[in-house]
Amino acid sequence: MKQTLTLVCKLKPTPEQAPQIEAMLQAFADGCNFANESVNPKVTNKVTIQAQTYGQLRSRFGLSANQAVRVCARVAANRKTAKLKGKSVKTFKPTSADYDARIFAFREKDWSVSLTLLGHREQIELDVGKYQSGKLKGRKPTSATLCKHRDGQFYIHIQVSDETPQPIKSNHVIGVDFGRRDIAVTSDGKKWDGKPIEKVRDKFSKTRALLLAKVSKGTRTTRRRVRKILKRLSGRERCYQAWLNHNISKRIIETAKSQSAMVAIENLTGIRDRTNQQPRNKTERRRSNSWAFYQLRTFVEYKGLKEGIGVVAVNPAYTSRTCHVCNHLGLRSEKRFKCGNCGWHGDADVNGAINISKLGAAFVSLPGGSNLSFSLNRDDSGLLKAPPF
Ligand SMILES: [Zn+2]
Numbered sequence: 003m004k005q006t007l008t009l010v011c012k013l014k015p016t017p018e019q020a021p022q023i024e025a026m027l028q029a030f031a032d033g034c035n036f037a038n039e040s041v042n043p044k045v046t047n048k049v050t051i052q053a054q055t056y057g058q059l060r061s062r063f064g065l066s067a068n069q070a071v072r073v074c075a076r077v078a079a080n081r082k083t084a085k086l087k088g089k090s091v092k093t094f095k096p097t098s099a100d101y102d103a104r105i106f107a108f109r110e111k112d113w114s115v116s117l118t119l120l121g122h123r124e125q126i127e128l129d130v131g132k133y134q135s136g137k138l139k140g141r142k143p144t145s146a147t148l149c150k151h152r153d154g155q156f157y158i159h160i161q162v163s164d165e166t167p168q169p170i171k172s173n174h175v176i177g178v179d180f181g182r183r184d185i186a187v188t189s190d191g192k193k194w195d196g197k198p199i200e201k202v203r204d205k206f207s208k209t210r211a212l213l214l215a216k217v218s219k220g221t222r223t224t225r226r227r228v229r230k231i232l233k234r235l236s237g238r239e240r241c242y243q244a245w246l247n248h249n250i251s252k253r254i255i256e257t258a259k260s261q262s263a264m265v266a267i268e269n270l271t272g273i274r275d276r277t278n279q280q281p282r283n284k285t286e287r288r289r290s291n292s293w294a295f296y297q298l299r300t301f302v303e304y305k306g307l308k309e310g311i312g313v314v315a316v317n318p319a320y321t322s323r324t325c326h327v328c329n330h331l332g333l334r335s336e337k338r339f340k341c342g343n344c345g346w347h348g349d350a351d352v353n354g355a356i357n358i359s360k361l362g363a364a365f366v367s368l369p370g371g372s373n374l375s376f377s378l379n380r381d382d383s384g385l386l387k388a389p390p391f
């Protein structure tokens, strides 16, 4: 099984190289916009897009053969993602360009990358930290994305693939319920209380609201200052959340490993719609719609894959409303669950987690049930949108 890791490295272009990178990003975006506008919006196949635009991409935008191919692949990928969401692709911004092995190479001896820009190739120095250099050592990565981040600096997101251990198959499945009140609850009763992080998040969100109120009345200078503070706030909030998610997911996978168990989680897709069906106040809505929950799930999948722990995603319908003892629908109120049929009552999230674990175990024991959900959800539409972790 393969697992891809994306390493974000800062580039240190010379004063001459910087405008050339800028021009490359612009040409890539222009090419994408051109292909997107000139090919029937229903087409999501990159080969079809390429057949209709390749010649013009090369002559009009000065793209090399492989750059033109990457443009078509990008448009196709974005169209596919948009289609899943029932949307259409609008415009491409000059903030990222994709690279493959023909137009990109990493050189370890001087920690640099060579990139084909418009019409020529450039060797650009990398600014790598300990983490990145450890992961890049001895590797020959074959794909990358050239990016301009919001800080105005250029980065290269290098994809490194690793062979991962064959996941164990086991009938012992630990179910994890990503709760509303607790961040996560497992079927064996482990809990990660959501209160501390909620406090932090609510504090941030209150400060944000206060600051935004100021903006509407403030002068230009105030607005600029507020924007800066907001940016810093969101960065700190994300860091804290990522650290927390990292720890929770690590503990879950470690537990599974020590018990030779698999892990079952709720299926990601449609989670927003499902939790949103219940009437809730604004604060709660903000919590469950946040990227934080999405990140935690992704971390669990990712770490599971790395450690050879199978992670099954099960359909979450009814997992919170069914009694795990007798399978009848019960009553859930806040943190408590009560079954009118067999009389079981207890922690609602633990009940949910046990149901998830049972569904996972049932799935594994099915013939052909080894077809597990290992796909890591990566947004291939533009890495800038991904949360910084
Ligand atoms: Zn019952």
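Position in the sequence shown (first residue = 1) + 2 = the working numbering. Every residue gets a Cβ at the ideal spot worked out from N, C-alpha and C, and that includes glycine.
Contacting residues, own chain, Cβ-Cβ under 7 Å from residue i (five flanking each side not counted)
{"i": "Arg238", "result": "none"}
{"i": "Ile250", "result": "Ile185, Ala186, Trp194, Leu298"}
{"i": "Val45", "result": "Ile51"}
{"i": "Phe295", "result": "Phe180"}
{"i": "Pro143", "result": "Phe108, Ile160, Gln161, Val162"}
{"i": "Pro281", "result": "Low local confidence applies: a pLDDT of 46 at Pro281 is under 50, so the model's placement there is unreliable, with the coordinate-based value given in what follows. If we look at Pro281 and ignore the five residues flanking it on each side, it has no Cβ neighbours."}
{"i": "Val73", "result": "Phe30, Gly33, Cys34, Ala37, Leu59, Leu65"}
Closest residue to residue i among the options (Cα-Cα distance)
{"i": "Ile254", "options": "Gly312, Thr224, Thr221", "result": "Gly312"}
{"i": "Asn173", "options": "Arg60, Val265, Asn343", "result": "Val265"}
{"i": "Phe30", "options": "Trp293, Gly121, Lys337, Phe339", "result": "Gly121"}
{"i": "Arg334", "options": "Cys328, His347, Val327", "result": "His347"}
{"i": "Asn42", "options": "Gln69, Val77, Pro15", "result": "Val77"}
{"i": "Lys308", "options": "Lys87, Ile170, Ile176, Ala244", "result": "Ile170"}
{"i": "Asn329", "options": "Ala67, Leu361, Gly306", "result": "Leu361"}
{"i": "Leu128", "options": "Pro143, Glu110, Thr118, Ser145", "result": "Glu110"}
{"i": "Ser367", "options": "Asn35, Val175, Lys340", "result": "Val175"}
{"i": "Ala70", "options": "Val178, Asn80, Thr55, Lys142", "result": "Thr55"}
{"i": "Phe365", "options": "Arg338, Ala211, Val314", "result": "Val314"}
{"i": "Gln22", "options": "Lys48, Ser236, Leu148, Ile267", "result": "Leu148"}
{"i": "Trp113", "options": "Arg141, Arg240, Ala99", "result": "Arg141"}
Same chain, Cβ closer than 6 Å to residue i, five either side skipped, listed in chain order
{"i": "Arg225", "result": "Val217"}
{"i": "Phe63", "result": "Ala29, Asp32, Gly33"}
{"i": "Gly272", "result": "Unreliable placement is indicated for Gly272, whose pLDDT of 45 sits below 50; the coordinate value is still reported in the next sentence. Correct list: empty, nothing qualifies."}
{"i": "Leu214", "result": "none"}
{"i": "Thr321", "result": "Gly354, Asn357, Ile358"}
{"i": "Val10", "result": "Tyr157, His159"}
{"i": "Ala25", "result": "Leu120"}
{"i": "Thr8", "result": "His159, Gln161"}
{"i": "His151", "result": "Tyr157"}
{"i": "Lys14", "result": "Glu127, Asp129"}
Burial state of residue i, where buried means 16 or more other Cβ atoms lie within 10 Å
{"i": "Gln279", "result": "Confidence in Gln279 is poor, its pLDDT being 47 and thus under 50, which makes the residue's placement unreliable; the coordinate value appears in the next sentence. It counts as exposed."}
{"i": "Ala258", "result": "buried"}
{"i": "Lys95", "result": "exposed"}
{"i": "Gln297", "result": "buried"}
{"i": "Asn38", "result": "buried"}
{"i": "His326", "result": "buried"}
{"i": "Asn353", "result": "buried"}
{"i": "Ser40", "result": "exposed"}
{"i": "Ala53", "result": "exposed"}
{"i": "Cys344", "result": "exposed"}
{"i": "Pro318", "result": "buried"}
{"i": "Gly332", "result": "buried"}
{"i": "Pro17", "result": "exposed"}
{"i": "Arg289", "result": "With a pLDDT of only 49 at Arg289, under 50, the local geometry of the prediction cannot be trusted, and the value read off the model is given with reservation. The residue in question, Arg289, is buried, as its Cβ has 16 or more Cβ neighbours within 10 Å."}
Ligand 1 heavy atom lying under 6 Å from the CB of residue i
{"i": "Trp346", "result": "yes"}
{"i": "Asn353", "result": "no"}
{"i": "Cys149", "result": "no"}
{"i": "His159", "result": "no"}
{"i": "Cys328", "result": "yes"}
{"i": "Cys34", "result": "no"}
{"i": "Cys74", "result": "no"}
{"i": "Arg11", "result": "One detail in the question is off: residue 11 reads as Cys in this sequence, not Arg. No, since every heavy atom of ligand 1 falls outside the 6 Å radius drawn around the Cβ of Cys11."}
Ligand 2 heavy atom lying under 6 Å from the CB of residue i
{"i": "Asn343", "result": "Ligands present in the displayed structure are limited to ligand 1, and ligand 2 is not among them."}
For residue i: DSSP bridge partner residues
{"i": "Leu128", "result": "Leu13"}
{"i": "Phe339", "result": "Arg334, Gly348"}
{"i": "Leu214", "result": "Per DSSP, none; premise fails for Leu214."}
{"i": "His159", "result": "Val10, Thr147"}
{"i": "Gly177", "result": "Ala266"}
{"i": "Thr321", "result": "The partner list for Thr321 (beta bridge, DSSP) is empty, contrary to what the question assumes."}
{"i": "Ser135", "result": "Answer is none; Ser135 lacks a bridge partner."}
Any C-beta of chain B under 7 Å from that of residue i
{"i": "Lys197", "result": "Absent from the structure is chain B; it holds one protein chain and no more."}
Neighbourhood of residue i by C-beta distance below 8 Å, restricted to the same chain and skipping five residues each side
{"i": "Val228", "result": "Leu213, Leu214, Lys216, Val217, Gly220"}
{"i": "Phe36", "result": "Thr55, Gln58, Leu59, Arg62, Phe63"}
{"i": "Arg338", "result": "His347, Gly348, Asp349, Ala350"}
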